[in-house]
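Asker: Below is one structure. I have some questions about it.
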Amino acid sequence: MTATAPSITTTRIRSFDGTQLAVHETGEGRALLLLHGLFSSAETNWIKFGHAAKLAQAGFRVIMPDLRAHGQSAAPHDPAAYPRDVLVDDALSLIETLGLDDFDLGGFSLGARTTAKLLGAGATPRKAILAGMGWEGLTGWGRRRDFFVTAIHRRDEVKRGDPHFMAVAFMKTQGIDPVAARLLLDSFGDVDTDALVARDVPVLVVCGADDSDNGSAPELARQLGNATYREIKGTHMSSVLEPSLAEEMVSFLTA
Numbered sequence: 001m002t003a004t005a006p007s008i009t010t011t012r013i014r015s016f017d018g019t020q021l022a023v024h025e026t027g028e029g030r031a032l033l034l035l036h037g038l039f040s041s042a043e044t045n046w047i048k049f050g051h052a053a054k055l056a057q058a059g060f061r062v063i064m065p066d067l068r069a070h071g072q073s074a075a076p077h078d079p080a081a082y083p084r085d086v087l088v089d090d091a092l093s094l095i096e097t098l099g100l101d102d103f104d105l106g107g108f109s110l111g112a113r114t115t116a117k118l119l120g121a122g123a124t125p126r127k128a129i130l131a132g133m134g135w136e137g138l139t140g141w142g143r144r145r146d147f148f149v150t151a152i153h154r155r156d157e158v159k160r161g162d163p164h165f166m167a168v169a170f171m172k173t174q175g176i177d178p179v180a181a182r183l184l185l186d187s188f189g190d191v192d193t194d195a196l197v198a199r200d201v202p203v204l205v206v207c208g209a210d211d212s213d214n215g216s217a218p219e220l221a222r223q224l225g226n227a228t229y230r231e232i233k234g235t236h237m238s239s240v241l242e243p244s245l246a247e248e249m250v251s252f253l254t255a
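If you number the sequence shown the way UniProt numbering does, the last residue is 255 and the count never jumps.
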């Protein structure tokens, strides 16, 4: 049975530097901050395929920002708007603005990487979710970043069959501003894996069986001190459509 379409409210919240972020919410109860993936949006990752509805029905206030340069959030062209780890600063600013002192935190792909950086930076969620992420996606991000930078630069010339074709097609479908996206990619710093591993926050690592885009999810779970690994169907692109993604999240957060 699919979840009933949730009632979504959207507000515009100014981040630490004044950049406007669109923040979508549904449900009431315990706060759950969810961060979407690269070139995606809250609508595409969390709302469209019913995950937000299932989490809301399970008793959560689901808070889903569109990341800077994504979705309905601002996509400035000024390089000064993209300091190192700006997405971490945006999330910390949002946590402070919304007064979230007792909350859960999670993300898919880039959202998972940002969640890992937040944990390393000292954010204090009760539980955390890393979806669509493997150990190498945290320790060797440079290769992935370079792949997406190339996709942006070659967006008008790639053809079907090119390894960058799906990334370019998704970027165009999502209406991503290539200038802003390129600036954002340059802002990504390394993950402090020592600080991450040292945290004792319970973590769910959930990933598609055929998703190795960000390396090994089982290895990520092994590296963390207090992690649970769950495998669902799908690739990196298709696993986020699976109802089992929300089911695993609900099971972990309500345990």
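Even glycine gets a Cβ: it sits at the ideal position worked out from N, Cα and C.
On the DSSP bridge list, what partners appear for GLU25?
Answerer: THR9 and ILE63.
Asker: Check each candidate in ALA198, PRO163, LEU196 and THR228 and name the one with the smallest Cα separation from VAL205.
Answerer: With distances taken between Cα atoms, VAL205 lies closest to THR228.
Asker: Compare the C-alpha of PRO83 against each of VAL203, ASP17 and ALA209 and name the closest.
Answerer: The shortest C-alpha separation from PRO83 is found at ASP17.
Asker: Give the range of the beta strand (DSSP E) segment to which VAL88 is assigned.
Answerer: It is not in any beta strand (DSSP E) - VAL88 instead sits in the alpha helix (DSSP H) that spans 86-97.
Asker: Taking LEU118 and ALA81 to be in contact with their CB atoms under 8 Å, please state how far apart those CB atoms are, rounded to whole angstroms.
Answerer: Incorrect: roughly 20 Å between the Cβ atoms, too far for contact.
Asker: CA-CA distance, ALA217 and ARG113?
Answerer: In a straight line, the C-alpha of ALA217 is about 12 Å away from that of ARG113.
Asker: Mapping the DSSP letters down to three states, classify SER228 as helix, strand or coil.
Answerer: Note on residue identity: the sequence assigns Thr, not Ser, to residue 228. Looking at THR228 - three-state DSSP - the assignment turns out to be strand.
Asker: What residue does the beta strand (DSSP E) around GLY107 start on, and which one ends it?
Answerer: Start and end: 103-108.
Asker: CA-CA distance, VAL179 and HIS77?
Answerer: Near 6 Å, if we compare the C-alpha coordinates of HIS77 and VAL179.
Asker: Chain D beta carbons: is any one of them nearer than 8 Å to that of ARG144?
Answerer: Protein chains in the displayed structure number just one, and chain D is not present.
Asker: Short of 7 Å in beta carbon distance, which residues of its chain neighbour GLN223, apart from the five on each side in sequence? Order them along the chain.
Answerer: The answer, listed in chain order, is TRP135 and VAL197.
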